[in-house]
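Residue numbers (the working numbering): 421 to 527. Everything on this sheet refers to the single structure shown next.
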């Protein structure tokens with residue numbers, strides 16, 4: 421007797437597997453000092469052995485909080501960035517001034 425599985429069951433199963441893998445990699449790659457409420461080793465065990473319940477628990481209770489505020493004060497809905505975030509060269513006024521000087525010297 422063949423076991424029949426409907427397509428919704430397969431999709432739900434794949435989604436739960438993806439959630440579990442995402443949370444497992446997230447726990448492993450999160451720095452120890454950023455993990456909340458339990459040691460990192462315990463979170464790895466919880467996510468591995470409790471699967472989907474552990475993954476949801478990690479997302480709600482253990483995952484580090486965002487380092488950036490969603491809206492900057494007066495930023496018009498843009499993400500606020502802290503000073504330790506690297507900036508691209510086109511965001512650096514000093515770089516733009518030096519580029520402008522080099523372009524003028526070449527003419």
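Each residue gets a CB set at the ideal place from its N, CA and C atoms; glycine is no exception. Keep in mind that this is a model prediction, so the values were computed, not measured.
Discussion item. Could you give the first and the last residue of the continuous alpha helix (DSSP H) run that contains residue 471?
Written reply: 460 to 477
Discussion item. In this structure, how does DSSP classify residue 525 when only helix, strand and coil are distinguished?
Written reply: In the structure shown, residue 525 sits in a helix (DSSP, three-state: H, G or I).
Item to complete: Give me the Cα-Cα distance between residue 433 and residue 460, rounded to the nearest whole angstrom.
Response: 27 Å
Discussion item. Beta-carbon within less than 6 Å of residue 444's beta-carbon, same chain only, minus the 5 sequence neighbours each way: which residues are those?
Written reply: 467
Discussion item. Using CA atoms only, rank isn't needed, just tell me which of 471, 484 and 451 is closest to residue 439.
Written reply: 471
Worksheet item: Where does residue 425 land, buried or exposed, given buried means 16+ other C-beta within 10 angstroms?
Response: exposed
Fill in: Rounded C-alpha distance that separates residue 480 from residue 512
37 Å
Practice prompt. Give the straight-line distance between the Cα atoms of residue 437 and residue 430, rounded to the nearest whole angstrom.
Written response: 10 Å
Item to complete: Starting from the C-beta of residue 457, find all residues in its chain whose C-beta is less than 7 Å away, skip the five residues before and the five after it, and write them out in chain order.
Response: By the criterion of a C-beta distance shorter than 7 Å, residue 457 is surrounded in its chain by 481 and 482, once the five residues flanking it on both sides are discounted.
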